[in-house]
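Chains D and G supply the protein sequences, listed in that same order.
Residues in the first sequence are numbered consecutively from 1, following our numbering.
Residues in the second sequence are numbered consecutively from 328, following our numbering.
Backbone N, C-alpha and C fix where the C-beta goes; we use that ideal spot for every residue, glycine too.
Only one structure is covered here, and it is reproduced in the block below.
Protein chains: 2
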Amino acid sequence: MIRIGILGYGNLGKGVESAIRQNPDMELAAVFTRRNPENIKVRTEGTKVLGAEELERMQDAIDVLILCGGSATDLPVQTPRYAAMYNVVDSFDTHAKIPEHFAAVDSAAKGAGKVGVISCGWDPGMFSLNRLYANCVLPQGHDYTFWGKGVSQGHSDAVRRIEGVKDCRQYTIPVPEALDAVRSGSNPELSTRQKHTRECFVVAEEGADLQRIEEEIKTMPNYFADYDTTVHFITEEEMKRDHSGLPHGGCVIRTGNTGWEQENSHVIEYSLKLDSNPEFTGSVIAAYARAAYRMNQEGMSGAKTVFDIAPAYLSAESGDYLRAHLL
Amino acid sequence: MIRIGILGYGNLGKGVESAIRQNPDMELAAVFTRRNPENIKVRTEGTKVLGAEELERMQDAIDVLILCGGSATDLPVQTPRYAAMYNVVDSFDTHAKIPEHFAAVDSAAKGAGKVGVISCGWDPGMFSLNRLYANCVLPQGHDYTFWGKGVSQGHSDAVRRIEGVKDCRQYTIPVPEALDAVRSGSNPELSTRQKHTRECFVVAEEGADLQRIEEEIKTMPNYFADYDTTVHFITEEEMKRDHSGLPHGGCVIRTGNTGWEQENSHVIEYSLKLDSNPEFTGSVIAAYARAAYRMNQEGMSGAKTVFDIAPAYLSAESGDYLRAHLL
């Protein structure tokens, strides 16, 4: 049994917990929190909830620690820190800061003889893998990534900070015509606006100026100004009834040519339709926790991304089984 | 420069040759043939064509030898034989015999300190990878593989062996309703007949009994009897004009559930639309030739499949570059 620890019991931590339940070679050894452990009730029977400070002395009870904090402030500190004590997996997704995060985790993990898998999930994660494989197989081509239809938490939060907004759910939606053009192999150059639209469902406070809220959303720099955005005002009941899930998804497409004169074209597409973004991310992380454990058992150490991990490490099955059944 | 040798200059060998041209860190060192080398003209300027027997003494000039023979009789002999002298890559695709092929290549390659990558292409190959990743990420789910629309060479050959048939091109076509049902996440159980149809374009000899030919095709065991098959008789000119390409493709879909009560469903789909089956296969093989070379440079040896090879080995770029640009 691979003994897993989870640090942080939000949506992602709960997703990881569910995933562990589906993997018979894993058990949830403990959940760690920076809140008061007494206020947290986990669903896995018999699993302890402990304060994060207990991690200083749990090395004998945990094979892989999964870090379920946020990329902005939690993971840059937590992942290097705990990679010096445990095999770890995180879902660090601030693309621009991945190089420095990798370097910090690499140094800590190598020093401790542990494996630290960073940036694991679906983007970065499964989408990254597909970008890499497709680029290697079709060196001459074009890459496209579309997200959605799905809930963007960052954009929902940004709208919630507007005065007069009680709640918001923001959906990112690929433009169907853009998708069709890419799939046709015509290699279109697409602007931000041409690739995605944004749709906001907003619960406003009573008496709020709806026109001002809509205007503030649509002109918000970075988040909405470069997109065609639709705003719907709804009631709290409608929000709860119609928008309580966290669906997401998208696709990675590479089109490219082969042949002596590049006369033949090809389309590689990887797509995800996810009912629950955090549960799917948690499932990817669970598979990579197995890989981290197995690679460390074989003596490897240091920071790894999905690019550095041979696919067979993700599976509980033997090489013989995989070759016979999945190859 | 990675110096590549090709054994066998048919459609696949030519596809590999084109792929090498797209990879600036590779060069085609020589083409080897069991035919008379004087009768073969390769497109890469300055590349020698040599008899296969020359492979006994070319170890200093070739880093990776790509075996482009057939799975029925060529590769079971060639791959173990040459894995004892070179890093090799093949596209062995007789699924039932992969375990024994792997064992034979593993033993030869380990003895020689070389890497032998077997069963490389898109199925087995990229499709296998996607089956494995999706199974690890969604342990509770269902797998589906659809092929086509595309030309099946084996089925085309089978029809050509019927008396009175001069030429045939057989297309395998996924049933759209089956694809829709799978993508909906309803986990349908699908029979062979429900998943694919087959379409044959046949050039008959003058005076041949067309009704008998059609009957023989449709009732041919293993190849056609379990499918709904359509037969069209066409002229040689039409064959040349409309059916000279070798397109193929298909998709691998896994649907599965997550959540404490498995309440959320997910669809992972990987699809390929290929103008040229042998050129795409050749492109996959070229990327894995790079991996074979690099893994061997790091001291690894033995038989490998796509499951055993970390994705980063396929790329000519550094880990830093990949993390910054593709993760």
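Cβ-Cβ separation between residue 132 (chain D) and residue 649 (chain G): approximately 6 Å, consistent with a contact (criterion under 8 Å). The alpha-carbon of residue 640 (chain G) is positioned some 13 Å away from that of residue 612 (chain G).
Contact of residue 390 (chain G) with chain D is not assigned, every C-beta pair being separated by 8 Å or more.
Listed along the chain, the chain G residues whose CB falls inside 8 Å of the CB of residue 131 (chain D) are 653. Membership of residue 169 (chain D) in any alpha helix (DSSP H) is not indicated; the residue belongs instead to the beta strand (DSSP E) covering 165 to 174. The C-beta of residue 244 (chain D) comes no closer than 8 Å to any C-beta of chain G. Close partners of residue 309 (chain D) in chain G (Cβ separation under 7 Å): 637. Following the DSSP letters along the chain, one finds residue 462 (chain G) inside the alpha helix (DSSP H) bounded by residues 453 to 464. Residue 197 (chain D) is bridged by DSSP to D:173 and D:228. With the criterion set as a beta carbon lying under 8 Å from some beta carbon of chain G, the members of the stretch 270 to 285 of chain D are 270, 271, 272, 273, 274, 275, 276, 279, 280, 282, 283 and 284, in sequence order.
Residue pairing by DSSP puts residue 64 (chain D) in a beta bridge opposite D:4 and D:87. The DSSP-derived three-state label of residue 593 (chain G) is strand.
Using a CB distance cut-off of 8 Å, residue 147 (chain D) does not count as an interface residue toward chain G.
Residue 117 (chain D) and residue 506 (chain G) have their C-alpha atoms roughly 35 Å apart. Scanning chain D for C-beta atoms nearer than 9 Å to the C-beta of residue 647 (chain G) yields 99 and 102, reported in chain order. A direct Cα-to-Cα measurement between residue 425 (chain G) and residue 628 (chain G) gives close to 18 Å.
C-alpha of residue 245 (chain D) to C-alpha of residue 275 (chain D): approximately 7 Å in a straight line. Within chain D, no residue has its CB atom less than 7 Å from the CB of residue 398 (chain G), the nearest being about 13 Å off. The stretch 165 to 177 of chain D and the stretch 194 to 213 of chain D touch, with three or more beta-carbon pairs separated by less than 8 Å. For residue 395 (chain G), not one C-beta of chain D is nearer than 8 Å to its own C-beta.
Its chain contains 339, 342, 418, 448 and 449 as the residues whose beta carbon lies nearer than 7 Å to that of residue 608 (chain G), once the 5 sequence neighbours on both sides are disregarded; these appear in chain order. With three or more CB-CB distances shorter than 8 Å, the stretch 228 to 248 of chain D counts as touching the stretch 145 to 155 of chain D.
About 14 Å separates the beta carbons of residue 20 (chain D) and residue 7 (chain D), which is beyond the 8 Å limit, so they are not a contact pair.
Residue-level contact check: residue 448 (chain G) does not touch chain D, since none of the beta carbons of chain D fall below 8 Å from its beta carbon. Of the other Cβ atoms in all chains shown, fewer than 16 fall within 10 Å of the Cβ of residue 176 (chain D); this residue is therefore exposed. Using a CB distance cut-off of 8 Å, residue 403 (chain G) does not count as an interface residue toward chain D.
Residue 299 (chain D) counts as exposed, since fewer than 16 other beta carbons sit within 10 angstroms of its beta carbon. Taking C-beta atoms as the reference points, residue 456 (chain G) and residue 311 (chain D) count as a pair closer than 8 Å.
Between the alpha carbons of residue 327 (chain D) and residue 635 (chain G) lies a distance of about 11 Å.
Around the C-beta of residue 614 (chain G), 16 or more other C-beta atoms lie within 10 Å, and the residue is accordingly described as buried. In this structure, the straight-line span from the alpha carbon of residue 372 (chain G) to that of residue 69 (chain D) is close to 56 Å. If you check each beta-carbon in the stretch 248 to 267 of chain D against every beta-carbon of chain G, the ones closer than 7 Å belong to 258, 259, 260, 264, 265, 266 and 267. Taking 8 Å as the upper bound on Cβ-Cβ separation, chain D lies near residues 632, 633, 634, 635 and 636 of the stretch 620 to 636 of chain G. Any Cβ of chain D closer than 8 Å to the Cβ of residue 642 (chain G) would place that residue at the interface, and such an atom is present.
In summary, no residue of the stretch 162 to 181 of chain D has a CB separated from any CB of chain G by less than 8 Å. If you draw a straight line from the Cα of residue 260 (chain D) to the Cα of residue 140 (chain D), it is about 12 Å long.
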